[in-house]
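Its first residue numbered 1, the sequence shown is counted upward by one per residue in UniProt numbering. Positions of the beta carbon are idealized from the N, C-alpha and C atoms, including for glycine. Single-structure report; data block below.
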Amino acid sequence: MQAETDPTVHKSMVHCFRSLIKKHGWRSLFRGSLVIIARAAPVNSATFLGYEYCLEKCHKVLGET
């Protein structure tokens, strides 16, 4: 939508969603989601593991609260 030269194609976000669903079906709203999830999974896993590691070290140094 950002690259459109004619801004009157979609009047609102809801209008855009409705026209997408009408033209391409419900699956068009989720197109590309698998790639985004595959990209986010390793980052979220590493963040969670790093947080848990730091939390464990802090508990050892500071003691349980």
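Hey, Ser-28 and Ile-21: beta-carbon distance below 8 Å or not? yes
Report the start-end ranges of each alpha helix (DSSP H) in the stretch 11 to 50 that is 4 residues or longer and not cut off at the edges. 13 to 24
C-beta contact flag for Glu-16 and His-10 at 8 Å: Rather than Glu, the amino acid found at residue 16 in this sequence is Cys. For Cys-16 and His-10, yes; Cβs fall inside 8 Å.
Nearer than 7 Å: is that true of the beta carbon of Ala-46 relative to any heavy atom of the ligand MG? Annotation note on the ligand MG: not contained in the displayed structure, which lists no ligands.
Pull up the distance between the alpha-carbon of Ala-46 and that of Ala-38, whole angstroms please. 13 Å
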